[in-house]
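>
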Amino acid sequence: MILYHGTNVDIETIDLTRGMRHKDFGKGFYLTPNRTTAIRMAQKKARLFGGTALLITYEMNDAALQSGLKVKAFPKKACVEWFIFVDANRNRKTVKPIHDYDIVIGPIADDGVVLQLTNFHEGIYTPEQAAEQLQDKYLDQQYYFGTEQALCFLHKKNVESV
Numbered sequence: 050m051i052l053y054h055g056t057n058v059d060i061e062t063i064d065l066t067r068g069m070r071h072k073d074f075g076k077g078f079y080l081t082p083n084r085t086t087a088i089r090m091a092q093k094k095a096r097l098f099g100g101t102a103l104l105i106t107y108e109m110n111d112a113a114l115q116s117g118l119k120v121k122a123f124p125k126k127a128c129v130e131w132f133i134f135v136d137a138n139r140n141r142k143t144v145k146p147i148h149d150y151d152i153v154i155g156p157i158a159d160d161g162v163v164l165q166l167t168n169f170h171e172g173i174y175t176p177e178q179a180a181e182q183l184q185d186k187y188l189d190q191q192y193y194f195g196t197e198q199a200l201c202f203l204h205k206k207n208v209e210s211v
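Numbering-wise, the numbering used here puts 51 at position 2 of the sequence shown, and it's gapless, one number per residue.
The structure is reproduced here in structure tokens:
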């Protein structure tokens, strides 16, 4: 499977310690199967932090999903379990990781999701109601790699300026 990572600097070796802790699925390395989504991310990072917008193409060995790694695959659409999982990972009060998955696959929490997270925290919606509000919304997919064992199944193929 081909996956993309949009960035503003070339990555020779993936360093899991460099990831940010309070992302959708926690601190790790994120990719997407959607080239356009990765290009948008690369351009955003270059605009915010300088450098060159780069699209790095990786090939994931499909054996990763049957290798004995701990994998969590959410449905492609928002669901209550995914919503609560993202909310817990994004909680800035949380110090330790909330899960021990090697790979997590699921929707990217975009601005519409952030709005529903806010509505949930303000007591406007329950998690079920918030997830329901997102059912008709297309959410790009992401692949989280959180361990060195998982990274062994990723192979860098190409780097291009975008």
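Even for Gly, the Cβ is constructed at its ideal location relative to N, Cα and C.
Being a predicted model, the structure only gives us computed values, none of them experimental.
Terminal residues of the continuous beta strand (DSSP E) containing Lys205?
For this step, residue 205 is matched to residue 156 along the sequence shown. From DSSP, the beta strand (DSSP E) with Lys205 extends over 203–210.
> So, are the CB atoms of Gly55 and Met109 less than 8 Å apart?
Position 6 of the sequence shown, counted from the start, is the residue given in the question as residue 55. Position 60 of the sequence shown, counted from the start, is the residue given in the question as residue 109. No, they are not a contact pair.
> Span of the beta strand (DSSP E) holding Glu222?
For the chain, the structure presents residues 50 to 211; residue 222 sits outside this window and is missing.
> Within a Cβ cutoff of 6 Å, which residues of the same chain sit near Val135, ignoring the five residues on either side of it in sequence?
Counted from its first residue, the sequence shown places residue 135 at position 86. Within the same chain, Val135 has close Cβ partners Asp73, Ala158.
> Cα separation between Val153 and Val58?
Within the sequence shown, residue 153 is the residue found at index 104, counting from 1. Within the sequence shown, residue 58 is the residue found at index 9, counting from 1. One C-alpha to the other measures close to 24 Å.
> Should the segment 159–169 be regarded as contacting the segment 179–190, the criterion being three or more beta carbon pairs within less than 8 Å?
A contact exists between the segment 159–169 and the segment 179–190.
> If you follow the alpha helix (DSSP H) that Ala170 is part of, which residue opens it and which one closes it?
Mapped onto the sequence shown, residue 170 falls at position 121. Before going on, a small fix: residue 170 reads as His here, not Ala. Here the alpha helix (DSSP H) through His170 covers 160–170.
> Using DSSP's beta-bridge definition, name the partner residues of Leu146.
Along the sequence shown, one-based indexing puts residue 146 at 97. At residue 146 the sequence reads Pro, which differs from the Leu that was named. Paired residues: none, contrary to the question.
> With C-beta atoms as the reference, is Ser210 less than 8 Å away from Leu103?
The residue labelled residue 210 in the question sits at position 161 within the sequence shown. The residue labelled residue 103 in the question sits at position 54 within the sequence shown. Yes, these two residues count as a Cβ contact at 8 Å.
> Does DSSP put Glu177 in a helix, a strand or coil?
As a working note, residue 177 is residue 128 in the sequence shown. Helix at Glu177.
> For the candidate residues Gln190, Tyr193, Gln191, Phe132, whose alpha-carbon lies nearest to that of Thr175?
The residue labelled residue 175 in the question sits at position 126 within the sequence shown. Among Gln190, Tyr193, Gln191, Phe132, the Cα nearest to that of Thr175 belongs to Phe132.
> Where do the N-terminal and C-terminal ends of the alpha helix (DSSP H) with Lys94 fall, by residue?
Your numbering for residue 94 matches position 45 in the sequence shown. It spans 84–98 - the alpha helix (DSSP H) in which Lys94 sits, taken as one unbroken run.
> Enumerate in chain order the residues of its own chain whose CB-to-CB distance from Asp149 is below 7 Å, with the five nearest sequence positions on each side excluded.
Position 100 of the sequence shown, counted from the start, is the residue given in the question as residue 149. Closer than 7 Å at the Cβ level, and outside the excluded window around Asp149, lie Lys119.
> What residue from Cys201, Gly195, Phe202 has the CA that sits closest to Phe78's CA?
The sequence position of residue 78 within the sequence shown is 29, counting from 1. For the residues Cys201, Gly195, Phe202, the minimum Cα distance to Phe78 belongs to Gly195.
> According to DSSP, is Gln184 part of a helix, a strand, or is it coil?
Reading the sequence shown from its first residue, position 135 is the one you call residue 184. Coil, per DSSP.
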